[in-house]
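See structure below.
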Amino acid sequence: MSKMLYFVKRKVCLLLSKKCRPIYCILLSPNVESFIWTRYICSWFVGVCVGAILWLLISLNFNFSLESEVLISVSIAALVGIGFVFTTSIKCISFLILAGMAGKSGRSYLRALCFAYIITGPIFNLASNGGEVVRVFACATTLTYNLTKTRLDLMTKPFHNTLTTIKDDFILVEKSFDEFNGVLQPIRTEVSGTDNDSNLKLQRRKVEGVAERVQKNYSEKIKTRCKRQLKRGERRCRDAFENAYLDCNEKFPRVVKTLLCWPFQVDFICHINLLGKPDKICDPYEALPKNFGESYAQLDDSQKLLYGNNSHVEVKYKIKSPTPQDLLRLKVVD
19 MSKMLYFVKR KVCLLLSKKC RPIYCILLSP NVESFIWTRY ICSWFVGVCV GAILWLLISL
79 NFNFSLESEV LISVSIAALV GIGFVFTTSI KCISFLILAG MAGKSGRSYL RALCFAYIIT
139 GPIFNLASNG GEVVRVFACA TTLTYNLTKT RLDLMTKPFH NTLTTIKDDF ILVEKSFDEF
199 NGVLQPIRTE VSGTDNDSNL KLQRRKVEGV AERVQKNYSE KIKTRCKRQL KRGERRCRDA
259 FENAYLDCNE KFPRVVKTLL CWPFQVDFIC HINLLGKPDK ICDPYEALPK NFGESYAQLD
319 DSQKLLYGNN SHVEVKYKIK SPTPQDLLRL KVVD
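Residue numbers (my numbering): 19 to 352.
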């Protein structure tokens, strides 16, 4: 039962604190600017009520006529109401009079209230000063941290920027090497690779030098491709004669086709070398430069040299901590 009463009491107190706090702020706070007319009306109404209560308490010790009581009560209520609207002092004096009229209990309450205000001031100052001290210490700690961080940045930032720039330069160099390798790879495949179409296997036997071997092998490769093209043209020529002869036999009667279609049987013309001998036509020594092998060998050596020198690049650095003598020297300079 006690728990239930405590719960109900707590809920009622919370409800009153939520609902009555705005009314208290409107009536007594001097900084309320959004409820001016509401504060005036409410203050006048409360002042009239307080004035009426004061007159009722005062009139207990006097005997006045009814008309006098009404006139005096209305006057006091109106004056107190107007005072509540325009001044805060009237509010304070009126509540002090009410507490004083309560006798010894009221005076005890006022005495306790005065002591509470007197004690609250120093305690509030101590708490405020403690908060300021904590804030100063926190500010000093933050300032020390920022200074240490700034000093560390000034010491290590140049090294970090230099290493970052070197890393970016390495990436650009590697990218350039990859592009160079991408350009060189098709050339290497063309010159040193195997021609699978003609089943030509380039022999890598020892000659006097790499340049001569490349020159000779690539010349043979071009010559083989040229002869293969000539043979392919001869085969297409024979196929064309054969297809034309078959079409002619299908479209003309037997009596006429013998006279008209016999020219398509003359396919021996495809065996005649109208352009000259194949060995002479496919001679690559006139089309291929004489220093082709030497240029290719130099290009291949340059590529191997670049990739060989670019591998396993490492950068190591060490930051030396300042000695007490260095710190003392810095302080003297500052």
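Positions of the beta carbon are idealized from the N, C-alpha and C atoms, including for glycine.
Cutting at 7 Å between CB atoms, please list the residues of its own chain near residue i, excluding the five before and the five after it.
i: L202; result: L317 and Q321
i: I240; result: P302 and L306
i: A70; result: S91 and A95
i: L278; result: C266 and F270
i: K175; result: none
Over what stretch of residues does the alpha helix (DSSP H) that includes residue i continue unbroken?
i: F259; result: V228 to K269
Between which residues of its own chain and residue i is the CB-CB distance below 6 Å, once the five residues before and five after are set aside?
i: L84; result: none
i: T207; result: none
i: D171; result: none
i: L323; result: none
i: E252; result: C288
i: V228; result: A315
Taking 9 Å as the threshold (beta carbon to beta carbon), is residue i in contact with chain C?
i: G311; result: The structure shown contains no chain C; it is built from a single protein chain.
Indicate, with yes or no, if the ligand ATP has a heavy atom lying under 8 Å from the CB of residue i.
i: A96; result: No copy of the ligand ATP appears in this structure; indeed no ligand is present at all.
Excluding the 5 residues flanking residue i on each side, which residues of the same chain have their C-beta closer than 8 Å to its C-beta?
i: I108; result: G65, V98, G101 and F102
i: C244; result: P296, I299, C300 and P302
Segment contact flag, the segment 123-137 with the segment 90-107, C-beta cutoff 8 Å, min 3 pairs: no
Those runs of the beta strand (DSSP E) which lie wholly inside the segment 47-134 and span at least 3 residues: Counting only runs of 3 or more, we get nothing.
The segment 185-199 in contact with the segment 261-277 per 3-pair CB rule at 8 Å: no
Touch test, the segment 114-124 against the segment 87-97, Cβ-Cβ under 8 Å, three pairs minimum: Taking 8 Å as the limit for Cβ pairs, the verdict is that the segment 87-97 does not touch the segment 114-124.
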